[in-house]
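Beneath this line is the structure, given in C-alpha cells, with notes to follow.
Number of protein chains: 2
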Amino acid sequence: MLPGMEPGAQPRWLDPDERETWLALIKVLLRVPATLDAQLQRDAGISLFEYLVMAALSEAPERTMRLSDLAARAEGTLSRLSQAVARLEKRGWVRRRPDPNDGRATLGILTDEGYRQVAGGAPAHVEAVRQHVFDPLTKAQQRHLREIAERINATTGPDRRKADRF
Amino acid sequence: MLPGMEPGAQPRWLDPDERETWLALIKVLLRVPATLDAQLQRDAGISLFEYLVMAALSEAPERTMRLSDLAARAEGTLSRLSQAVARLEKRGWVRRRPDPNDGRATLGILTDEGYRQVAGGAPAHVEAVRQHVFDPLTKAQQRHLREIAERINATTGPDRRKADRF
DNA sequence: ACGTTTTACTTGCATGTTGAAGTTTTTCGG
DNA sequence: CCGAAAAACTTCAACATGCAAGTAAAACGT
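Chains B and L are the protein sequences, given in the same order. So the first sequence is numbered by the numbering used here: it starts at 1 and just counts up by one. So the second sequence is numbered by the numbering used here: it starts at 167 and just counts up by one.
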C-alpha cells in the first residue's frame with residue numbers, strides 16, 4: 001500500500017499528483033546513490049561513503065578533520081565512520097591521530113597516497129554525477145532542484161540517529 | 167575532493183552553482199531514505215525495503231507478484247529480495263508459490279495478516295513522507311520536483327548492476 | 001573540588017547486503 | 001527437435017551496518 005489510496009481513513013493521504021511525485025522521487029532516492037556507488041566501486045574500488053569521507057578530508061585544512069565532523073559530513077553514524085576509517089587506514093589512504101586539543105577526539109588525516117586516490121577517481125565520479133543528474137535537467141530545473149533540496153534539508157535536519165546520538 | 171574545484175584538468179568540473187546543488191542533493195539522497203527507514207523500523211518493525219515490497223504486493227492483483235517484478239519495483243537485486251521475502255515469510259506476512267505459467271518463477275503473495283500490517287503502518291509512513299518531503303515545499307516546487315525526478319529516472323534507467331565498460 | 005553528565009570514540013554481535021556460484025526451467029537458433 | 005544460452009530464482013561466504021556496551025576525557029553543577 002503505497003501512500004495515495006484507500007479512502008475512509010483520517011490520515012492525509014497523498015492525492016494522485018503527490019503520489020506520482022512520490023513514486024518518481026523514491027526511484028531517484030534509491031537509484032542515484034546505488035548508481036554512484038556502483039560507479040565508484042567499479043572505477044576506484046571504494047564505496048560512495050568512503051569517497052565522501054576522503055573527499056571531505058581532501059578539502060579540509062591540513063586534510064584533517066575530527067571523526068565526528070567527518071561522520072556528519074558524510075551523513076553517517078560515528079560507528080559506521082569509525083569502521084570506514086579503519087578500512088581506509090589499512091589501505092594507507094587515511095591515518096588517525098589523537099586531537100592535541102581534545103583528548104576525547106580523534107583526527108582523520110588524508111595521506112598523500114589517499115589524496116592521489118581521490119584526485120584520480122574524482123573525474124569519473126563527476127562525470128557520473130553529470131550524466132545521471134545534471135545533464136538530463138534544464139538550467140531552470142537545476143535551480144529548482146537546489147531550492148527544493150535545501151528546503152527539504154532544512155526540515156529533515158539532524159534529528160534521527162537513535163544510538164550514537166547520546 | 168567533491169566535484170567542483172581543481173582546475174587544469176580536462177573533465178567538466180561542477181561550477182560553484184552546480185556544486186551547491188549537488189551538496190544539497192546528496193544530503194537529501196542520503197537522509198530521506200534513512201529517515202523513512204528509521205520511522206518504519208520504529209513504528210512498524212520493518213525496513214523501507216520490506217515496506218516497499220509489501221506495499222507493491224498490496225496493490226497488485228490477487229496481492230500477488232513475481233519475485234523478479236517485485237525486485238524491480240522495490241529497486242533491489244533479486245538476491246536481496248529473495249532474502250527479504252524469506253524474512254517476511256517467517257513473520258507470516260508473505261508466502262511463496264510456484265508460478266503455474268512459468269516453472270522458473272516464484273510468486274510472492276501478501277497474506278491477510280500481511281495486508282493488515284501494511285495497512286496499519288501506512289498512515290504513519292505517509293505522515294513521515296509529508297513531513298519530510300511535501301510539507302516543506304510549495305505547490306510549484308512539488309510540480310517541479312516531479313518533473314525533475316522523472317527526467318532523472320529516464321536516464322538513470324535500468325542499466326544498473328554490472329559494468330557497461332565495453 | 002568533585003561527582004555527575006555529556007561528548008567522542010571503539011568494539012562486539014546480530015543482522016542485512018553483495019557477488020559469485022549452483023539449480024531448474026524456458027527460450028532460441030539451426 | 002536438440003543443444004546452447006538465457007532467465008528466474010536460491011544459497012553461501014565475505015563484508016558492511018546498526019545497535020548496544022564499554023572506555024576515556026572534557027564540561028557542568030553545586
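Where a beta carbon is used, it is the ideal one built from N, C-alpha and C, also for glycine.
Counting pairs of beta carbons, one from the stretch 57-74 of chain B and one from the stretch 102-120 of chain B, are three or more of them closer than 8 Å? yes
Residues of its chain near Glu184(L), where Cβ-Cβ distance is below 6 Å and the 5 sequence neighbours each way are ignored: Taking Glu184(L) as the centre and dropping the five residues before and after it, the same chain places no C-beta closer than 6 Å to its C-beta.
From the beta carbon of Arg160(B), is the nearest beta carbon of chain L less than 7 Å away? Here the model assigns Arg160(B) a pLDDT of 39, short of 50, so the residue's position is not dependable and the matter cannot be decided.
Which word fits Asp159(B), buried or exposed, when buried means at least 16 other C-beta atoms lie within 10 angstroms of its C-beta? For Asp159(B), the pLDDT reaches just 48, beneath the cut-off of 50, and the residue's location in the model is therefore unreliable, although a value from the coordinates is still provided. Asp159(B) sits exposed, since fewer than 16 C-beta atoms from the chains shown fall within 10 Å of its C-beta.
Ends of the alpha helix (DSSP H) at Ile46(B)? It is not in any alpha helix (DSSP H) - Ile46(B) carries neither H nor E in the DSSP assignment.
Checking contacts by CB at 7 Å: is Thr336(L) closer than that to chain B? The requested residue 336(L) is not part of the displayed model; chain L covers only 167 to 332.
Proximity test, Cβ basis, 7 Å: Glu113(B) and chain L: no
Can you find at least 3 beta carbon pairs, one from the stretch 43-51 of chain B and one from the stretch 112-125 of chain B, that sit closer than 8 Å? Short answer: they touch.
Chain B within 7 Å of Ala329(L), Cβ atoms only: Low per-residue confidence applies at Ala329(L): pLDDT is 33, beneath 50, and the placement is therefore not dependable enough to give any value.
Ala315(L) versus chain B: which residues are under 8 Å apart at the beta carbon? Thr21, Ala24, Leu25, Lys27 and Val28
Could you give the uninterrupted runs of the beta strand (DSSP E) lying entirely in the stretch 23-105 of chain B, keeping only those of 3 residues or more? 64-66 and 94-98
Below 8 Å CB to CB, which residues in the same chain sit around Val299(L) once its five sequence neighbours on both sides are set aside? Val198
Distance cutoff 7 Å, beta carbons only. Does Pro16(B) sit that close to anything in chain L? no
If I follow the unbroken alpha helix (DSSP H) through Thr155(B), where does it start and stop? Lys139 to Thr155
Length of the line joining the Cα atoms of Thr304(L) and Thr201(L): 21 Å
Boundaries of the alpha helix (DSSP H) in which Ala181(L) is found, first to last residue: The displayed chain sequence assigns Asp, not Ala, to residue 181(L). It is not in any alpha helix (DSSP H) - Asp181(L) carries neither H nor E in the DSSP assignment.
Residues that DSSP places opposite Gly108(B) in a beta bridge: Met65(B) and Arg96(B)
Quick one: is Arg317(L) buried, meaning 16 or more other Cβ sit within 10 Å of its Cβ, or exposed? By the neighbour-count rule (16 or more Cβ atoms within 10 Å), Arg317(L) is buried.
So the candidates are Ala240(L), Ala222(L) and Ile314(L); which of them puts its Cα closest to the Cα of Gly280(L)? Ala222(L)
Proximity test, Cβ basis, 7 Å: Leu57(B) and chain L: Closer than 7 Å: no.
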